[in-house]
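Here is the structure we will look at.
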Amino acid sequence: MKILVTGGAGFIGSNFVHHMVKKYPEYEIVNLDLLTYAGNLESLRDIENEPNYKFVRGDIADRPFIMQLFEKERFDIVVNFAAESHVDRSITDPGIFVQTNVMGTQVLLDASKAYGVKRYHQVSTDEVYGDLPLDRPDLFFTETTPLHTSSPYSSSKASADLFVLAYYRTFGLPVTISRCSNNYGPYHFPEKLIPLMIIRALDDEKLPVYGKGENVRDWLHVEDHCAAIDLIIHNGRVGEVYNVGGHNERTNLEVVKTILKALDKPESLINYVTDRPGHDLRYAIDPTKLETELGWKPQYNFDTGIAQTIEWYLTHKEWWQRIVSGEYSNYFEAMYGERLK
Ligand code: NAD
Ligand code: TDX
2 MKILVTGGAG FIGSNFVHHM VKKYPEYEIV NLDLLTYAGN LESLRDIENE
52 PNYKFVRGDI ADRPFIMQLF EKERFDIVVN FAAESHVDRS ITDPGIFVQT
102 NVMGTQVLLD ASKAYGVKRY HQVSTDEVYG DLPLDRPDLF FTETTPLHTS
152 SPYSSSKASA DLFVLAYYRT FGLPVTISRC SNNYGPYHFP EKLIPLMIIR
202 ALDDEKLPVY GKGENVRDWL HVEDHCAAID LIIHNGRVGE VYNVGGHNER
252 TNLEVVKTIL KALDKPESLI NYVTDRPGHD LRYAIDPTKL ETELGWKPQY
302 NFDTGIAQTI EWYLTHKEWW QRIVSGEYSN YFEAMYGERL K
């Protein structure tokens, strides 16, 4: 079995590559990544010489390159993680989100169709469902919740999902889609809430909490997401969408306070800053379909997962210090400089 993993140098993709390379020594795993600011080959250092693993640099939206790669490699399965993934960046620069997330997906679909892949899996997000109100804890996203997006990021992801489903219905391409809630864990790029707060708290720096910090996210440890995708590509029904989430809802403020407590840092580091435009209020996944059809069960709850994650950032300072000291410092200044003054 030969599997193309796109975006395998990013946060979730690199965790998935680790998972697959270790679990399936008989498979060939090809990791295709453009190495944007979010791609980091250091996240794959420990498996880069494994005989069942190979890295290829390239752009999923580069049609001639992708067609040549599929011609040469004849993949059985494609798992598409490659994307622009940060909501705040999609607000300052939406164009690249259309280019990579929509056009790139469509190129991969064409290549998968042309070369007869046995499964095309699209890694999507719960953000395609929009948001839920804060005062209705009884409501959850199911696979039949209408798509109703808020940000350029979520709109690009929803567009891609619609193309994936169209290629199933129109061309019979064997597709599956997973829509997961917020991930956290090792190799998470420090522009996202949890790693940003851990790293800044360690340095006693101000922690920028948007608005009142009352927005709710449903957190899932990245290894549980990877296990879900593994199950879906092997046993999921073609043409189906599977929601992935573990019922771990927290307000952003609760998350930040949990991190501060674990690191023995004062809550006075919290700084309330201007809210994100169009900020989604609450995400909450109903994972019943994945649990009942495929027997998926998460291994972590938020308490065990966040403890493991904090420990990982404490023991992998060299991984994130290189990022924080590079191009990323300019990004932080541009995104937060004025707001934190
Ligand atoms: P990430 O930003 O950490 O990684 C994205 C990777 O894609 C990077 O390695 C980057 O170099 C690569 N990439 C970007 N543009 C590319 C292109 N044109 N061609 C090839 N490679 C390209 O993102 P992530 O958080 O690991 O998310 C991975 C996927 O999972 C995304 O599709 C995202 O929408 C989805 N998702 C993320 C979350 C989350 O909480 N992070 C939750 C649900 C779904
Ligand atoms: O500095 C911050 N302060 C803050 O209050 C940042 C970076 C975020 N936040 C808030 C915004 C959100 O309510 O924390 C929450 C989480 O923010 P992000 O980490 O940016 O994630 P989110 O916008 O929820 O999107 C994530 O989950 C779904 C991923 O980035 C997406 O790729 C995924 O699809």
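Each number in the numbering used here comes from the position in the sequence shown (counting from 1) with 1 added on.
The beta-carbon is built from N, C-alpha and C at its ideal position, and this holds for glycine as well.
From a predicted model like this one, the values you see are computed outputs, not experimental measurements.
Among the options, the one whose alpha carbon lies nearest that of residue i
| i | options | result |
| --- | --- | --- |
| S86 | V210, L295, H189 and P267 | H189 |
| Q100 | W321, P153, G246 and E49 | P153 |
| L203 | P191, L135 and K119 | P191 |
| Y1 | E144, G14, R283 and G131 | Nothing can be reported for residue 1, as the shown portion of the chain is limited to 2 through 342. |
| I67 | T7, G96 and L208 | T7 |
| N184 | K3, I307, P26 and I324 | I307 |
| R283 | N216, G338, T93 and Y337 | N216 |
| T177 | I78, M21 and R90 | I78 |
| M336 | A112, V18, L197 and W297 | L197 |
| S44 | Y169, A10 and Q322 | A10 |
| R201 | L341, L42, Q69 and E51 | L341 |
| P134 | A285, A84 and P299 | A285 |
| T316 | V108, I199, G14 and V165 | I199 |
| P267 | E206, G338, E27 and V245 | E206 |
| V108 | D132, R90 and Q69 | Q69 |
| L174 | V118, R323 and Y211 | V118 |
| D231 | T305, L42, L295 and I48 | L295 |
| A84 | K298, S157 and T171 | S157 |
| S91 | G279, F12 and V325 | G279 |
| V165 | S113, E292 and L194 | S113 |
| T24 | Y38, A39, M2 and L42 | The question names Thr, yet the displayed sequence has Lys at residue 24. Considering only alpha carbons, the answer is M2. |
| I13 | N81, F98 and I4 | N81 |
| Q322 | D111, N41, Y169 and F71 | N41 |
| F98 | D111, L110, A161 and D132 | A161 |
| A1 | G327, V129 and G338 | Beyond the ends of the chain as shown, which are 2 and 342, falls residue 1; an answer cannot be given. |
| F303 | T293, H20, Y332 and E255 | E255 |
| F172 | N249, D281 and L110 | L110 |
| K213 | R46, D89 and D281 | D281 |
| K258 | I324, G247 and L208 | L208 |
| L291 | R75, D225, S155 and P147 | D225 |
| Y211 | S15, N253, T289 and V22 | N253 |
| E128 | G247, W320 and P147 | P147 |
| K193 | P288, D89 and P26 | D89 |
Where residue i sits in the DSSP three-state scheme
| i | result |
| --- | --- |
| S44 | helix |
| P209 | strand |
| K3 | strand |
| S179 | strand |
| S125 | strand |
| L221 | strand |
| E250 | strand |
| N244 | strand |
| L110 | helix |
| L232 | helix |
| R120 | strand |
| L343 | The chain is shown only over 2 to 342; residue 343 falls outside these bounds and no answer can be derived. |
| E339 | coil |
| N216 | coil |
| Y301 | coil |
| G11 | coil |
| H226 | helix |
| G105 | helix |
| G96 | helix |
| S91 | helix |
| L256 | Looking at the sequence provided, one finds Val at residue 256 rather than Leu. Of the three classes helix, strand and coil, the one that applies to V256 here is helix, per DSSP. |
| G237 | coil |
| G327 | coil |
Residue i: CB within 7 Å of a non-hydrogen atom of the ligand ATP
| i | result |
| --- | --- |
| Y130 | Inclusion of the ligand ATP in the displayed structure is not the case, the ligand content consisting of the ligand NAD and the ligand TDX alone. |
Say whether the stretch 21-39 touches the stretch 60-72, bearing in mind that this needs 3 or more beta-carbon pairs closer than 8 Å, one atom from each stretch.
yes
Counting beta carbon pairs with one atom in the stretch 16-32 and one in the stretch 303-315, are three or more of them shorter than 8 Å?
no
Would you check if the stretch 101-114 and the stretch 49-58 touch, i.e. whether three or more CB-CB distances between them fall below 8 Å?
no
Which parts of the stretch 19-89 are runs of the beta strand (DSSP E), unbroken and 3 residues or longer, counting only runs that do not cross its ends?
29-34, 54-58 and 78-81
Counting only runs that start and end within the stretch 261-299, where is the beta strand (DSSP E) found for 3 or more residues in a row?
Whole beta strand (DSSP E) segments, 3+ residues: 271-274.
contact_flag[the stretch 266-278, the stretch 222-241] where n(CB pairs < 8 Å) is 3 or more:
no
Any alpha helix (DSSP H) of 4 or more consecutive residues that is wholly inside the stretch 137-209:
153-172 and 194-203
Does the stretch 115-126 come within contact of the stretch 135-143, defined as at least 3 CB pairs closer than 8 Å?
no
Three CB pairs or more closer than 8 Å across the stretch 171-185 and the stretch 216-235:
yes
Are at least three pairs of beta-carbons, each pair with one atom in the stretch 257-273 and one in the stretch 147-167, less than 8 Å apart?
no
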